[in-house]
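*Asks:*
Residue numbers (my numbering): -17 to 105.
1. Under 8 Å by Cβ, that's how I've got residue 80 and residue 33 pegged, so tell me the actual separation to the nearest angstrom.
2. Going residue by residue through the stretch 14 to 84, where are the continuous beta strand (DSSP E) segments of at least 3 residues, counting only ones entirely within it?
3. Take residue 36 and list the residues in its own chain whose beta-carbon comes closer than 8 Å to its own, dropping the five residues that flank it on each side.
4. For residue 74, I'd like the list of residues in its chain whose CB is within less than 7 Å of its CB, leaving aside the five on either flank, ordered along the chain.
5. Residue 41 and residue 51: beta carbons closer than 8 Å?
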């Protein structure tokens, strides 16, 4: 690996080399961007947040978020394709919940923290 040469030298040295090495791993940043794209819609954030707290069918999700079933199904497909939620079939009904993954847990925690910071409860 060639030594990194920056226009301005601030004495970072090794740290800059390490940072550059991480920055060059574009696929990692693309993965993160793809996950955040899933949450670029208020409805998907609401549905994801709901499914972090319970397991529900499309009809009940639709009623809770006041959307049509086809619209909810569209959002569920995207969240499921992104690995943030999972579904289980019981007869003709499919029940959805947040995936039991570190990504889902971290995103749920981030949403909860942002809501707490941005929307503090009145005293």
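For every residue, glycine included, the Cβ atom is placed at its ideal position computed from N, Cα and C.
*Replies:* Based on what the coordinates show:
1. Taking the chain shown and counting its residues from 1, one reaches residue 80 at position 98. Taking the chain shown and counting its residues from 1, one reaches residue 33 at position 51. The distance from the Cβ of residue 80 to that of residue 33 is about 5 Å, consistent with a contact at the 8 Å cut-off.
2. Whole beta strand (DSSP E) segments, 3+ residues: 67 to 72, 75 to 80.
3. By one-based count along the chain shown, residue 36 stands at place 54. Excluding positions up to five away in sequence, the list reads 79.
4. Locating residue 74 in the chain shown gives position 92, counting from the first residue. Cβ neighbours of residue 74 beyond the five flanking positions: none.
5. As a position in the chain shown, residue 41 is number 59, starting the count at 1. As a position in the chain shown, residue 51 is number 69, starting the count at 1. In this structure, residue 51 lies closer than 8 Å to residue 41 by Cβ.
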